[in-house]
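One structure is given here, and the rest of the page talks about it.
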Amino acid sequence: MIASDLHKEYPWARLHSLHYPVRLDALGEVLTEIRAAHRQTDHSDPKPDAGRLIGHSADTTIVRRLIEQVAPSLATVLITGESGTGKEVVARQIHEKSGRKGPFVAVNCGAIPENLLESELFGHTRGAFTGAVSARAGRFEQAKGGTFFLDEIGDMPTVMQVKLLRVLEERVIERVGSAESIPVDVRLIAATHRDLPKRIEAGRFREDLYYRLSVFPIEISPLRDRSADIAPLVDEFIRRLCAEESVSIQIAGDAMDVLQQYSWPGNVRELANLIERLVVVKPNGNVRRRDLPWPIVEREEAQSAKPRILSSKLDAVSGGVHVSLPSNGLDLKQYLAKIEQDMIHQALVESDGVVQRAAELLGVGRTTLVEKIRRYELNTAKKKAH
Amino acid sequence: MVVNRAGAAADNLKELIEFMDAPNVCTATPAKWRQQIGDSRLEAVFIGPDLSDKDVRALVDDIGRLDPNIPIVMLSEEDEA
């Protein structure tokens, strides 16, 4: 049987042909094609260690509970959070706890050129376009019986959004160049660092797809809002790296204080990178505050100066008058809540209603402040004008 | 993996592929290849020249069920003419 006959019978197959006895140059060409194809379609390999959710902060505990709840179901999950917060880790955890036997396949929608994304996701038939020398199954088919993780879904071109919506509604795909519908048994998890409602308003993301994806939303807080996770994360990264590099480092108390105060704009990824750097710079050493890179120490100093500025402002406002306990007592919880409410109100006025700026003024994380604003039913639209 | 009936031809091909820096090449007959690989992941399957059409079809069917993206290399005897 010759390869061209086989092509007709098995249009999906990734067929190559060689004459026997084999010539080395021809074999070399085929092996090069195979290697190139493997690089393009490499299944997302399992990373058992990277798949663990580290930390015991309230936010991480909630995320862990949500994972337990959603994993056994087939519900589509939408994971949101800033870059580097560990969205893929959460997705892998859901897959591992789902009991699904198929693979975990991940695709970063933002990393694949728009013109290649469709064939990457849905596959193509032989000759569907120039360069499609053999048929290929897409990532959806590769994830058969498993989990398909679509990272950076907010960056998916709108044309592709329509096609993805159809897959979610009908559970079938069509390879590029074919009209045949192929059923797909996959559990879909999507993630983005983008504000999807804002992108919907801007006409860059389909509202119907958003509702299809966010059947079970999970929001991951930025690392600055869960500083209780920093020490366990540091320990974990040190454990992994030291095992790999056969070295041993310790983080001294003064250095750990800086790490816990720092705002981590790059989140967990930035922390992991820092530890990797420290393992190289101080192998078998005790890392002190002075060993940390200056941008981290400098920003930590700037941040820790804030409460002092705020307290001096408070002194100025109160005229240095100390509060005293009324003779008939008070409800401390209510009293403190009132002060908190007033402070948030003032910060919002000072920041013209910009929550991020107000959060910085108050020295709390944005998510924390949003929660408090919601609880106290404060209006963020208040302006400084009065 | 090289699948062929005649062991000598399969071994010859295995040596050539390994010579081209592709390690861990194994050989098998059409009847035994599936049990031989177990849970290992296949990078490619070379189908030897002495397999019948029926064997080839059965093999390609099985590969498709296992993973449709496994590259299949068909070896055919060069025409004498």
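From first to last, the protein sequence lines stand for chains B and R. All letters in the first sequence, in the order written, are residues 1 to 386 by my numbering. All letters in the second sequence, in the order written, are residues 387 to 467 by my numbering. Heads up, the beta-carbon is just placed ideally off N, CA and C, and yes, glycines get one too. Since the model is a prediction, treat every value here as computed from it, not as a measurement.
Could you list which residues in chain R have their beta carbon closer than 7 Å to that of I112/B, in chain order? For the purposes of this step, residue 112/B is taken as the residue at position 112 of the first sequence. Those within 7 Å of I112/B in chain R number zero; the least Cβ separation is about 17 Å.
For H124/B, does the three-state DSSP call read helix, strand or coil? Residue numbering aside, residue 124/B sits at position 124 when the first sequence is read from its first letter. Strand.
is_contact[M460/R, chain B] using C-beta, thresh 7 Å: As a first step, residue 460/R is located in the second sequence; it is residue number 74 there, counting from the start. Chain B, which has a Cβ nearer than 7 Å to the Cβ of M460/R, makes this yes.
Beta-ladder partner(s) of A414/R, from DSSP: Here the question's residue 414/R lines up with position 28 in the second sequence. In the DSSP output, where bridge partners are listed per residue, A414/R has V389/R.
Mind checking R171/B: buried by the 16 CB within 10 Å criterion, or exposed? Taking the first sequence and counting its residues from 1, the one referred to as residue 171/B is at position 171. The residue is exposed, with fewer than 16 neighbouring Cβ atoms inside 10 Å.
Please list, in chain order, all residues of the same chain as Q356/B whose beta carbon is under 6 Å from its beta carbon, the five residues on each side excluded. Position 356 of the first sequence, counting from 1, holds the residue named residue 356/B. The residues are R366.
So within the segment 163-248 of chain B, which uninterrupted beta strand (DSSP E) runs reach at least 3 residues, ignoring any that extend past its ends? 172-174, 181-183, 187-192 and 216-219
Buried or exposed: N284/B, going by 16 or more other Cβ atoms within 10 Å of its Cβ? As a first step, residue 284/B is located in the first sequence; it is residue number 284 there, counting from the start. Label assigned to N284/B: exposed.
Would you be able to state if there are at least three C-beta pairs under 8 Å between the segment 55-71 of chain B and the segment 436-445 of chain R? no
Pick helix, strand or coil for H19/B, following the three-state DSSP scheme. The residue given as residue 19/B occupies position 19 in the first sequence. Residue state, collapsed to three classes: strand.
Suppose you measure from the CA of Q261/B to the CA of D225/B; what does that come to, to the nearest Å? Numbered from its first residue, the first sequence carries residue 261/B at position 261. Numbered from its first residue, the first sequence carries residue 225/B at position 225. Going from the Cα of Q261/B to the Cα of D225/B covers about 10 Å.
Hey, out of E29/B, K163/B, I238/B and R374/B, whose CA is closest to L117/B's CA? Start at 1 with the first residue of the first sequence, and residue 117/B comes out as number 117. Comparing Cα positions, the closest option is K163/B.
Helix, strand or coil: how does DSSP classify T158/B here? Within the first sequence, numbered from 1, the residue matching residue 158/B stands at position 158. T158/B: helix per DSSP, three-state reduction.
Hey, quick one: how far does the beta strand (DSSP E) through D151/B stretch, first residue to last? The residue labelled residue 151/B in the question sits at position 151 within the first sequence. Element bounds for D151/B: T147 to D151.
Contact list for the segment 20-34 of chain B against chain R, Cβ threshold 9 Å: Y20, P21, V22, L24, L27, G28, V30, L31, E33 and I34
Do A396/R and G424/R have their CB atoms nearer than 7 Å? Reading the second sequence from its first residue, position 10 is the one you call residue 396/R. Reading the second sequence from its first residue, position 38 is the one you call residue 424/R. Cβ distance not < 7 Å, so A396/R and G424/R don't count as in contact.
Every unbroken beta strand (DSSP E) within the segment 73-130 of chain B, with a cutoff of 3 residues, ordered by chain: 77-80 and 104-108
What separation, rounded to the nearest whole angstrom, lies between the Cα atoms of T61/B and I449/R? On the first sequence, position 61 is the one that residue 61/B refers to. On the second sequence, position 63 is the one that residue 449/R refers to. Near 43 Å, if we compare the C-alpha coordinates of I449/R and T61/B.
Using a Cβ-Cβ cut-off of 8 Å (strictly less than) and excluding sequence neighbours within five positions of R212/B, which residues of its own chain qualify? Indexing the first sequence from 1 puts residue 212/B at position 212. So the qualifying residues of the chain are T76, L165, L168 and E169.
Nearest to G177/B (by Cα), restricted to the options F216/B, G127/B, I2/B and D257/B: Locating residue 177/B in the first sequence gives position 177, where the first residue counts as 1. If we check each option's Cα against that of G177/B, G127/B comes out closest.
Under a Cβ-count criterion, where at least 16 other Cβ atoms within 10 Å of its own Cβ denotes burial, should L278/B be classed as buried or exposed? As a first step, residue 278/B must be located in the first sequence, where it is residue number 278. Answer is buried; the Cβ neighbour count reaches 16.
Put L378/B into one of helix, strand or coil per three-state DSSP. In the first sequence, the residue the question calls residue 378/B occupies position 378. L378/B: coil per DSSP, three-state reduction.
Run through the DSSP bridge pairs and tell me what A135/B is partnered with. Position 135 of the first sequence, counted from the first residue, corresponds to residue 135/B. None; A135/B has no bridge partner.
Check the C-beta distance from H193/B over to E82/B and give it rounded, since I have them as a contact under 8 Å. One-based indexing of the first sequence puts residue 193/B at position 193. One-based indexing of the first sequence puts residue 82/B at position 82. Confirmed, Cβ separation roughly 5 Å.
Classification of S98/B by the beta-carbon crowding that lies within 10 angstroms, buried from 16 upward: For the purposes of this step, residue 98/B is taken as the residue at position 98 of the first sequence. S98/B is buried by the Cβ-count criterion.
Closest to V354/B by C-alpha separation, out of S181/B, V370/B, I339/B and Q341/B, would be which residue? By 1-based counting over the first sequence, the position of residue 354/B is 354. Nearest of S181/B, V370/B, I339/B and Q341/B to V354/B, Cα basis: V370/B.
Closer than 8 Å by beta-carbon distance: list the chain B residues that pair up with G424/R, in chain order. On the second sequence, residue 424/R is found 38 positions in, with the first residue counted as 1. None at all; the shortest Cβ gap to chain B is about 16 Å.
Just the C-alpha distance for F148/B and L378/B, rounded to the nearest angstrom, thanks. Reading the first sequence from its first residue, position 148 is the one you call residue 148/B. Reading the first sequence from its first residue, position 378 is the one you call residue 378/B. The straight-line gap from Cα to Cα measures roughly 40 Å.
Considering Cα atoms alone, identify which of R420/R, E463/R and E401/R is closest to P409/R. Position 23 of the second sequence, counting from 1, holds the residue named residue 409/R. Ranking the options by Cα distance to P409/R, first place goes to E401/R.
Along the segment 405-430 of chain R, what residues have a CB closer than 9 Å to any CB found in chain B? F405, M406, D407, A408, R427, E429 and A430
With three or more beta-carbon pairs closer than 8 Å as the criterion, would you say the segment 228-240 of chain B touches the segment 203-217 of chain B? no
Are the beta-carbon atoms of Q161/B and V105/B separated by less than 7 Å? For the purposes of this step, residue 161/B is taken as the residue at position 161 of the first sequence. For the purposes of this step, residue 105/B is taken as the residue at position 105 of the first sequence. It is not a contact, given that the beta carbons lie outside the stated cut-off.
Using the beta-carbon count (16 or more within 10 Å), is R264/B buried or exposed? Position 264 of the first sequence, counted from the first residue, corresponds to residue 264/B. A small correction: the amino acid at residue 264/B is Trp; Arg does not occupy that position in the sequence shown. Under this definition W264/B is a buried residue.
M460/R lies in the beta strand (DSSP E); which residues open and close that run? As a working note, residue 460/R is residue 74 in the second sequence. Start and end: I458 to E463.
Chain-ordered chain B contacts of L445/R [CB-CB under 8 Å]: In the second sequence, counting from the first residue as 1, residue 445/R sits at position 59. The contacting residues do not exist; L445/R stays about 10 Å from chain B at best.
Would you check if the distance between the CB atom of V268/B and the CB atom of G84/B is smaller than 7 Å? Along the first sequence, one-based indexing puts residue 268/B at 268. Along the first sequence, one-based indexing puts residue 84/B at 84. Yes, they are a contact pair.
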